[in-house]
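Some notes on the structure that comes next.
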Amino acid sequence: MFHTETYGGTREEQYTLVIAQLKALIEGEPSRIANLANASALLGQFLRDINWVGFYLLEGEQLVLGPFQGLPACVRIPLGRGVCGTAAQKRETLVVEDVERFPGHIACDSASRSEIVVPLVKDGELLGVLDIDSPNLARFDETDRVMLERFVTELAARL
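Its first residue numbered 1, the sequence shown is counted upward by one per residue in UniProt numbering.
Structure follows, in C-alpha cells:
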C-alpha cells in the first residue's frame with residue numbers, strides 16, 4: 001500500500017525518496033501502462049507548482065499520449081515538433097523557462113508557462129518522453145533535470 005510521505009531534507013534527498021517509492025510501486029509489475037500510470041501519479045503528488053505530468057509514447061514517427069495527471073492533452077505530437085517532439089528527436093532533456101519563447105511550442109494547456117521533457121530510453125531505444133508543465137515561469141532547474149533523468153532511468157529499466 002502506498003503512503004504519502006512528507007518530503008524533508010534537500011531537494012536531492014526528496015527526489016531520492018521519490019525514486020525509492022517508484023521502485024517499490026513498480027517492482028514485479030509487468031504492465032507498462034500500469035507502471036507509467038503510477039509513475040505519473042507519484043510525480044503528480046510529489047512535485048509542486050505543476051499543472052500537468054505524464055508520458056507520451058513513441059509510435060512510428062510520432063508521440064502518442066500515455067498515462068498522465070492533469071487536464072486533457074494533445075493526443076499526437078510529431079517527432080521534432082514542440083518541446084516533446086524535439087526532446088524525443090534529439091534524445092536529450094529540454095528545460096524550457098518560457099514556453100512562449102520556444103519555436104513551435106504546442107500549447108495544449110494555455111496555463112502552461114514552463115516545461116521539462118525527459119526522453120524515456122531503454123537499451124538505446126526511444127520509448128517516449130516524460131513531460132511536465134508548470135504555470136510558473138522558470139519552474140524547472142538543474143536539480144529537476146538531473147533527478148528526473150534518474151527517475152526516468154529507473155522507470156525505463158523496469159519497462
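Where a beta carbon is used, it is the ideal one built from N, C-alpha and C, also for glycine. Bear in mind that the values here come from a model prediction, so they are computed numbers and not experimental data.
If you draw a straight line from the Cα of residue 17 to the Cα of residue 7, it is about 8 Å long. Under a 10 Å Cβ-count criterion, residue 86 is classified as buried, with 16 or more other Cβ atoms of the shown protein chains found around its own Cβ. A Cβ-Cβ separation of about 6 Å places residue 88 in contact with residue 63 under the 8 Å criterion. Bounds of the beta strand (DSSP E) holding residue 133 are 125-134. Residue 149 is positioned such that its CB atom lies closer than 8 Å to that of residue 93. In this structure the region 130-139 touches the region 91-106; the number of beta carbon pairs closer than 8 Å is three or more.
For residue 99, there is no enclosing alpha helix (DSSP H), as DSSP marks it with neither H nor E.
Scanning the region 24-69 from its first residue to its last, the whole beta strand (DSSP E) runs of 3-plus residues come out as 52-59. Counting C-beta atoms within 10 angstroms of its own C-beta, residue 54 has 16 or more neighbours from the protein chains shown and is therefore classed as buried. The three-state reading of DSSP puts residue 83 in helix, counting H, G and I together.
The DSSP-derived three-state label of residue 71 is coil.
Shown here for residue 22: same chain residues with a beta carbon closer than 7 Å to its own, the five before and five after excluded, namely 39, 42, 151, 154, 155 in chain order. By the Cβ-count criterion, residue 82 is buried, with 16 or more other Cβ atoms from all chains shown falling within 10 Å of its own Cβ.
Residue 33 and residue 113 have their alpha carbons spaced roughly 28 Å apart.
With 16 or more neighbouring CB atoms inside 10 Å of its own CB, residue 131 falls in the buried class. Spanning the alpha carbons of residue 14 and residue 59 requires a straight line of approximately 33 Å.
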